[in-house]
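Trainee:
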Amino acid sequence: GLPRLYDPGFATTAAYSSSITFIDGGKGILRHRGYPIEQLVDKVGFDELSYLLIFGALPTAYNLALWQQAQSQRVTLPTCVRSVITAFSPSAHPMSILIAALSAMSASRTSLNPAYSGQTVYSDAAGRREAIVTCMSAMPVIVAAIYRHTAGLPIFSASAVPHKQSFATRFLHMLNGGDQSKSLANTLDILLMLHADHEQNCSTSAVRHLSSSGVDIFSSMCGGVAALYGPLHGGACESVLRMLTRIGNVDNIPNFLERVKRRQERLMGFGHRIYKNYDPRARIIQQEARRVFEVVGTVDPLIQVATELERTALQDDFFVQRKLYPNVDFYSGIIYKAMGFEPQFFPVLFALGRSAGWIAHWNEFLDDPDRRIARPHQLYIGVKGPRDVPDVTQR
Ligand code: CMC
């Protein structure tokens with residue numbers, strides 16, 4: 040039939056129903072399964088949040104221990120995944136490597152069992168749980184291997200990874216080995232939580248869209264990472280840092296904002312499809328940034344540029360009229376930089392946190408009685424025809 044509604048960028052239509060995350064963009068409210076993000080960040084860690092998102096309830100102490108143990112037991116990379124990662128130049132963008140590594144993960148599973156190429160294997164509870172745990176465990180192992188390869192370091196040995204630790208501590212251990220600073224692990228844990236889920240953002244809806252075709256979870260996640268890579272989505276945290284570095288000092292802010300208003304630039308880390316108020320995640324991140332600088336003992340001059348840029352923009356009619364506020368990515372890059380990460384690695388850390396949301400939405404979608412293959416309509420605006428095909432000499 041004919042399309043009933045033309046809705047570029049899905050600005051007004053709901054394609055899915057979900058019980059995972061509630062956002063009121065006008066009021067700046069974010070809740071996961073009814074719990075406000077502020078309370079979650081205060082009272083639980085990423086492992087509890089990932090469990091809540093995926094399984095629908097906060098874990099008991101026993102379930103939390105099982106969840107952490109199940110993940111920390113699987114730290115060996117399949118050989119083909121390791122080979123794919125190391126085949127890339129260390130200067131390749133880590134998001135591209137991550138997409139390839141997840142595809143290799145899918146390939147390694149289908150070579151074990153051809154049933155893994157589709158969703159039939161997930162129709163029983165055991166198959167579903169195996170996929171969830173494999174996915175949650177594989178992400179930090181793959182990301183750490185990419186980190187080490189792109190830093191010119193040998194990939195860590197699986198036997199060295201501590202068991203029964205939190206996701207963030209295990210991940211930091213896989214990056215650097217040795218004892219981890221508790222404070223940096225806490226900061227990473229908070230950033231992972233703030234990135235964990237945000238309902239039908241571009242990458243999560245990409246994961247749902249792809250899995251609607253019946254493809255396996257790892258192939259769907261490739262699409263999620265690819266969508267997240269873009270500068271308007273997860274790539275924004277990298278772009279913000281590059282933007283702040285380019286601005287360089289507070290005296291250049293007025294000129295920069297003029298260019299934004301002339302539409303020669305975008306103010307990266309500002310604006311959101313849903314939030315027409317302060318992004319609650321940005322508020323938490325801003326406080327965390329101050330705490331990190333207390334811990335590392337120095338303050339990045341870029342924080343001054345960011346603070347002043349935010350203050351000036353929030354007073355400017357252009358931003359006020361369009362209800363443009365800082366989003367989660369405005370300050371996250373500054374923290375990742377203080378933690379010692381290179382800008383191109385920021386979106387990979389975003390993907391690491393968001394993988395919990397992707398898996399939760401995938402899991403929920405598989406049980407959705409309304410699930411159908413995602414297949415939008417289009418408005419055809421080309422030549423109606425029919426035209427006769429001219430001979431090559433007549434074109
Ligand atoms: N800088 C300058 N102008 C902006 C910005 C911005 N960052 N964001 C929106 N606008 C303007 C836009 O030009 C438009 O004005 P006009 O109506 O005069 O043409 C108006 O505000 C509405 O913008 P839109 O592009 O229609 O909004 P959207 O909902 O399609 O896009 C967005 C949302 C996040 C892609 C956009 O705000 C943006 O590009 N922001 C910068 C990139 C960014 O920070 N992305 C991270 C988003 S949050 C985390 C995540 O999802 O990963």
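Everything in the sequence shown is counted per UniProt numbering, starting at 40 for the first residue and increasing by one. Built from N, CA and C at the ideal position, the CB exists for glycine as well. The structure displayed is predicted, hence computed values, not measured ones.
#1: Measure how close the beta-carbons of S116 and I181 come, nearest whole angstrom, since I'm counting them as under 8 angstroms.
#2: Whose C-beta lies closer than 7 angstroms to the C-beta of G262 among residues of the same chain, with five residues either side of it excluded?
#3: Which parts of the segment 265-351 are runs of the alpha helix (DSSP H), unbroken and 4 residues or longer, counting only runs that do not cross its ends?
#4: Under DSSP, the alpha helix (DSSP H) around T118 begins and ends at which residues?
#5: Could you check which residue in S258, V123, Y314 and A50 has the C-alpha nearest to that of K66?
#6: If I measure Cβ to Cβ from Y155 and keep anything under 6 angstroms in the same chain, skipping five residues before and after, which residues do I get?
#7: Please classify R209 as buried or exposed, where buried requires at least 16 other C-beta atoms within 10 Å of its C-beta.
#8: Reducing DSSP to helix, strand and coil, say where G157 ends up.
#9: Beta carbon of I59, beta carbon of H71: below 8 angstroms?
#10: Whole angstroms is fine: what's the gap from E238's alpha carbon to H416's?
#11: What number of angstroms, rounded off, separates the C-alpha of Y375 from the C-alpha of H272?
#12: Report yes or no: do three or more beta-carbon pairs, one from the segment 219-238 and one from the segment 120-136, lie closer than 8 angstroms?
#13: Under 8 angstroms between C-beta atoms, does A183 make it to chain D?
#14: Helix or strand or just coil, what does DSSP make of F404?
#15: Is the beta carbon of I286 less than 8 angstroms from the beta carbon of L227?
#16: How would you label H188, buried or exposed, when you count the other beta carbons within 10 angstroms and need 16 or more for buried?
#17: Within the structure, which residues are defined as neighbours of the ligand CMC by a Cβ-heavy atom distance below 6 angstroms, reported in chain order?
#18: With distances taken from CA atoms, which of G424, Q107 and F384 is nearest S371?
#19: Can you give me the Cβ contacts of S135 inside the same chain, cut-off strictly under 8 angstroms, excluding the 5 residues immediately before and after it?
#20: Tell me the DSSP secondary structure of P193 in three-state form.
#21: Run the CB neighbour count on E333, radius 10 Å, all protein chains shown included, and call it buried at 16 or more, exposed below.
#22: Just the Cα atoms here: how many angstroms apart are I138 and P429?
#23: Jot down the residue ranges of each uninterrupted beta strand (DSSP E) in the segment 52-103, minimum 3 residues, whole runs only, in chain order.
#24: Is the Cβ-Cβ distance between C241 and D368 less than 8 angstroms?
#25: Do you know offhand how far K362's Cα is from T346's?
#26: In whole angstroms, what is the alpha-carbon distance linking L103 and V200?
Mentor: Considering the structure as presented:
#1: Counting from one through the sequence shown, the residue named residue 116 turns up at place 77. Counting from one through the sequence shown, the residue named residue 181 turns up at place 142. The question names Ser, but residue 116 is Leu in the sequence shown. 7 angstroms between Cβ atoms; contact.
#2: For the purposes of this step, residue 262 is taken as residue 223 along the sequence shown, with counting starting at 1. Here the set comprises A245, V246 and L249.
#3: For the segment 265-351, the full-length alpha helix (DSSP H) segments reaching 4 residues or more read 275-286, 292-300 and 319-335 along the chain.
#4: Within the sequence shown, numbered from 1, the residue matching residue 118 stands at position 79. Taken as a continuous stretch (DSSP letters only), the alpha helix (DSSP H) holding T118 covers T118 to A126.
#5: Residue mapping note: residue 66 aligns to position 27 of the sequence shown, counting from 1. For the residues S258, V123, Y314 and A50, the minimum Cα distance to K66 belongs to Y314.
#6: Indexing the sequence shown from 1 puts residue 155 at position 116. Once the five neighbours on either side are set aside, the close Cβ partners of Y155 are R148, T149 and D255.
#7: Reading the sequence shown from its first residue, position 170 is the one you call residue 209. Buried: at least 16 other Cβ atoms inside 10 Å.
#8: Start at 1 with the first residue of the sequence shown, and residue 157 comes out as number 118. Looking at G157 - three-state DSSP - the assignment turns out to be strand.
#9: Residue numbering aside, residue 59 sits at position 20 when the sequence shown is read from its first letter. Residue numbering aside, residue 71 sits at position 32 when the sequence shown is read from its first letter. For I59 and H71, yes; Cβs fall inside 8 angstroms.
#10: In the sequence shown, residue 238 corresponds to position 199, counting from 1. In the sequence shown, residue 416 corresponds to position 377, counting from 1. Rounded to the nearest whole angstrom, the C-alpha separation of E238 and H416 is 23 angstroms.
#11: As a position in the sequence shown, residue 375 is number 336, starting the count at 1. As a position in the sequence shown, residue 272 is number 233, starting the count at 1. Rounded to whole angstroms, Y375 to H272 spans 17 angstroms at the Cα level.
#12: no
#13: This model lacks chain D altogether, as it is built from one protein chain only.
#14: Indexing the sequence shown from 1 puts residue 404 at position 365. Three-state DSSP puts F404 in a helix.
#15: Here residue 286 refers to the residue found at position 247 when the sequence shown is read from its first residue. Here residue 227 refers to the residue found at position 188 when the sequence shown is read from its first residue. For I286 and L227, no; Cβs fall outside 8 angstroms.
#16: Here residue 188 refers to the residue found at position 149 when the sequence shown is read from its first residue. So H188 counts as buried.
#17: My final list is G48, N240, L271, H272, G273, A275, V299, R305, L306, M307, G308, F309, G310, H311, R312, R361, L363, N366, V367 and D368.
#18: Within the sequence shown, residue 371 is the residue found at index 332, counting from 1. Proximity to S371 across G424, Q107 and F384 peaks at F384, based on C-alpha coordinates.
#19: On the sequence shown, residue 135 is found 96 positions in, with the first residue counted as 1. Excluding residues within five positions, the ones whose Cβ falls inside 8 angstroms are F127 and Y268.
#20: Counting from one through the sequence shown, the residue named residue 193 turns up at place 154. Residue state for P193 is assigned as coil, using DSSP reduced to three classes.
#21: Sequence index remark: in the sequence shown, residue 333 carries index 294 (1-based). When all chains shown are included, E333 counts as exposed.
#22: The residue given as residue 138 occupies position 99 in the sequence shown. The residue given as residue 429 occupies position 390 in the sequence shown. Taking the Cα positions, I138 is about 43 angstroms away from P429.
#23: 60-63 and 68-71
#24: Position 202 of the sequence shown holds residue 241. Position 329 of the sequence shown holds residue 368. Taking 8 angstroms as the Cβ cut-off, C241 and D368 do not qualify as a contacting pair.
#25: Looking up residue 362 in the sequence shown gives position 323. Looking up residue 346 in the sequence shown gives position 307. K362 and T346: Cα-Cα distance of roughly 18 angstroms.
#26: If you number the sequence shown from 1, residue 103 lands on position 64. If you number the sequence shown from 1, residue 200 lands on position 161. Each residue's Cα considered, the two are about 19 angstroms apart.
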